[in-house]
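Q:
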Amino acid sequence: MNNKRNSSSSSGIGILGVLQIVFLVLKLTGLITWSWTVVLIPLWISLVMLVIFLIVTIIVVKNNFKTKR
Numbered sequence: 007m008n009n010k011r012n013s014s015s016s017s018g019i020g021i022l023g024v025l026q027i028v029f030l031v032l033k034l035t036g037l038i039t040w041s042w043t044v045v046l047i048p049l050w051i052s053l054v055m056l057v058i059f060l061i062v063t064i065i066v067v068k069n070n071f072k073t074k075r
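For the sequence shown, my numbering begins at 7 and goes up steadily by one.
Right, dumping it as structure tokens:
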């Protein structure tokens, strides 16, 4: 018997993280004159995705709890 476990996980900042860093560097070096709201769009996208995920998770958990009663 082989008890080896194949486990792979990836971690990193992802495309939105890279885009955020690029936007920040460009803004801080003065190469772009965008407003900070535009520069932080990748952050807002991440936050919106997190909120949507949490709402869906809460709905699923509530529905599972109701069906088990």
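Glycine residues also receive a C-beta, built at the ideal position from the N, C-alpha and C atoms.
Hey, would you say L22 sits closer than 8 Å to S52, going by beta carbons?
A: Yes, the Cβ-Cβ distance between L22 and S52 is below 8 Å.
Q: Return the CA-CA distance between K68 and V54, expressed in angstroms with no decimal places.
A: Between K68 and V54, the C-alpha separation is close to 21 Å.
Q: Using 10 angstroms around the beta-carbon of F29, count the other beta-carbons present and answer buried if the total reaches 16, otherwise exposed.
A: Buried, because 16 or more other Cβ atoms sit within 10 Å of the Cβ of F29.
Q: Look up I19 in the DSSP assignment and say whether it is helix, strand or coil.
A: Three-state result, I19: coil.
Q: Where does L37 fall in DSSP's three states?
A: Three-state DSSP puts L37 in coil, outside helix and strand.
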